[in-house]
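Quick note on numbering: this note's numbering labels position 60 of the sequence shown as 60, and the sequence is numbered without any gaps.
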Amino acid sequence: MNFKTILSLALLSLVQATSTIGKRQDDGSCSVRGEQGCTQLPCCRGLVCQINSANQHLQTQPTHRNVLLSKTKIERSSRCRTTDYEASSFAWPFTAPTIAGVTLRVNDGPLSPCEAALLRVSYPSEPLDVLRDRYNRDGYVFLKGLLPREDVLSAREAYFTSLAPSGMLKPGTAKVDGIFDTEASAADFPGIGAGSDKSARPGSTDKSAIFTEMALKAHTEPWYAGTEDGEVTGFARHPALYDFIARFSGWGESTLAVRRSLLRNNTPGNKAVGVHYDQTFMRYGEPTAVTAWVPMGDIRIEGGGLIYLEGGEALGQEIEEDFTAKAKAAGMSDAEMRNAFNANMMSTGFLCDGPAEFGRKYGKRWLVSAYEAGDVVLHRPHTIHASTINDDPEARIRLGTDLRFVNSARQWDTRWSNHYFFNDGV
């Protein structure tokens with residue numbers, strides 16, 4: 001074993017013990033730095049939380065695993081502050097809904113009322129400098145109605161028309177509605193990019209193999225990807241989105257919509273997307289790419305849409321910088337740093353599988369929203385995000401796509417110049 005290898009191993013041990021980077025445990029949970037354990041009540045970690053009404057009380061029910069809150073006090077106002085709580089442990093279930101009268105579930109359980117707030121809404125008609133400031137400060141900008149609604153719904157209908165032979169849709173329903181057949185097994189229709197190792201094909205059943213092949217093929221169909229001769233533009237190259245990004249970023253004609261994208265389905269009963277930031281997957285380029293998350297259809301607040309960690313862009317940068325400083329101090333090359341960093345993540349590239357645990361550890365809320373066809377969320381490379389489990393009461397399948405834009409005049413991760421395929425190593 002050479003000296004540099006010994007240094008790399010020593011650095012990884014140090015990072016695993018002291019850094020803020022999420023690390024998968026044997027039980028699939030995450031381990032991230034914090035002053036107290038992952039089970040701590042978030043109101044004790046610096047949050048000012050909204051509760052549903054002036055007289056509502058936060059309640060827990062004792063079970064063999066639960067430890068009730070001690071010295072619990074609720075102010076008779078619409079806000080509760082961190083100093084109002086002391087807790088020896090944090091336990092489910094909460095009787096109060098998360099937000100807007102509904103309970104939001106993530107991979108590791110429901111979110112409490114103190115753990116969620118609404119995304120800030122913006123509009124494409126606002127001055128670009130205002131939107132840029134908001135994007136840089138918050139790490140995202142949620143744009144209502146950026147794309148024509150009819151174009152989004154047309155793309156949604158095309159997707160489900162091509163996937164209908166898989167048996168995922170409820171018989172007798174319109175394809176544009178994308179209603180899941182609840183008589184089918186959710187395991188046969190896994191989400192693309194929702195947590196498969198090393199970008200491997202998700203699913204483990206014979207039917208899932210058929211479905212995922214159809215879902216993969218959709219990435220290159222003309223309605224989505226366009227055609228090489230340019231006669232068909234394709235939804236992923238929608239001119240309204242490209243033109244806005246070119247103006248918003250200031251890159252102009254140097255704006256490049258990279259070819260690789262993820263067309264994700266989130267069916268009821270399946271796993272949600274874990275906690276991550278995008279620079280992890282674009283590490284061979286500068287951290288300047290703009291991700292456009294495009295919901296392809298209306299999504300209820302409990303329908304499996306993206307959620308963003310409040311202050312998550314700064315935390316993502318802190319995680320990155322903390323590791324980079326330790327790696328450089330150990331004399332690692334850029335390639336060794338990339339490999340070491342990714343080795344300390346989950347095998348999926350995620351920081352953590354469970355958003356609830358991650359948010360509690362850092363004392364931060366998850367920002368949530370319902371979405372409509374035509375909405376777009378732009379976010380920065382280090383903005384930490386995840387998704388909720390799809391609990392749509394009508395079993396509506398959540399469909400969305402991740403489109404990324406780079407400044408072609410600068411260094412960017414050219415691995416993204418190919419269409420997405422399983423085991424592509426990105």
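Ideal Cβ placement from N, Cα and C applies to all residues, glycine included. Just so it is clear, the structure is predicted and the values come from calculations on it, not from any experiment.
Kindly indicate the opening and closing residues of the beta strand (DSSP E) around residue i.
i    : result
P295 : V290 to P295
I307 : L306 to L309
Y140 : Y140 to L143
T255 : T255 to A257
T401 : R398 to N407
A116 : A116 to L118
L262 : L262 to N266
L367 : W366 to V368
S428 : Absent from the model: residue 428. The displayed extent of the chain is 1 to 426, so no value can be given.
Sorted by chain position, which residues of the same chain lie with C-beta nearer than 7 Å to residue i's C-beta, five sequence neighbours on each side aside?
i    : result
S254 : N407, S408 and A409
G311 : K364
L131 : S122, V141 and F248
G359 : P42, E115, L309, R365 and W366
W251 : N407
F244 : P124 and L146
E157 : K175 and V176
V232 : P222 and G226
Can you tell me where the alpha helix (DSSP H) with residue i in it begins and where it stops?
i    : result
T173 : Unbroken run through T173: none, as it is neither H nor E.
G359 : P355 to Y362
G230 : Premise fails: G230 is in no alpha helix (DSSP H) and is neither H nor E.
L378 : First-last for L378: V376 to H379, but that is the beta strand (DSSP E), not the alpha helix (DSSP H).
A158 : R149 to L163
A327 : G312 to A329
I245 : P239 to S249
D206 : D206 to K217
Could you tell me whether the Cβ atoms of residue i and residue j are closer together than 7 Å?
i    : j    : result
F405 : V290 : yes
G167 : A184 : yes
I192 : R264 : yes
N270 : A186 : yes
A236 : A225 : yes
R398 : G274 : no
V368 : A116 : yes
G139 : T388 : no
P268 : N390 : yes
A356 : G109 : yes
H276 : Y420 : no
A292 : L378 : yes
W428 : V294 : An answer regarding residue 428 cannot be provided, because it is not within the stretch 1 to 426 covered by the chain.
G411 : G234 : The displayed chain sequence assigns Gln, not Gly, to residue 411. Against a cut-off of 7 Å, the Cβ pair of G234 and Q411 comes out as no contact.
M214 : L262 : no
Assign residue i to buried or exposed, taking buried as 16 or more other Cβ atoms, counted over all protein chains shown, within 10 Å of its Cβ.
i    : result
T212 : buried
S112 : buried
G331 : exposed
D229 : exposed
L68  : Any reading at L68 must be qualified, since the residue scores a pLDDT of 24, below 50, and its modelled position is unreliable; no value is offered.
E126 : exposed
E313 : buried
P165 : exposed
A329 : exposed
N266 : buried
A325 : exposed
S204 : exposed
A174 : exposed
L128 : exposed
Measuring alpha carbon to alpha carbon, tell me which residue in the options is nearest residue i.
i    : options                   : result
V376 : K207, L306, N423 and P165 : L306
R137 : F281, K170 and R120       : R120
D206 : A218, E221, M214 and D188 : D188
G297 : P165, F160, D413 and T182 : F160
R283 : D413, W251 and A240       : D413
T401 : S417, R260, P165 and M214 : R260
A370 : N390, I301, H385 and Y362 : I301
L315 : L351, W416 and P295       : L351
A386 : W223, D353 and P222       : D353
I319 : Y362, D334 and P295       : Y362
V429 : D424, P393, R415 and Q411 : With the chain running from 1 to 426 in the structure shown, residue 429 is simply not present.
F281 : L104, D129 and D424       : D424
R105 : L118, A272 and T227       : A272
For residue i, which residues in the same chain have their Cβ closer than 6 Å to its Cβ, ignoring the five residues on either side in sequence?
i    : result
P381 : D278, Q279, P287 and A289
L430 : A query on residue 430 cannot be resolved here, the shown segment of the chain reaching from 1 to 426 and no further.
A240 : L147
T182 : A395
K170 : I179 and D181
I99  : A116
R45  : Any answer about R45 is weak, because its pLDDT of 36 lies below 50 and its placement is not dependable; what the coordinates show is given next. Correct list, in chain order: G363.
For a cutoff of 7 Å on Cβ pairs, would you count residue i as touching chain D?
i    : result
N270 : Judged by its chain identifiers, the structure shown contains no chain D, having just a single protein chain.
In chain order, what residues of the same chain lie with their CB nearer than 8 Å to the CB of residue i, ignoring the 5 residues before and after it?
i    : result
H238 : L147 and D151
N418 : R259, R260 and D424
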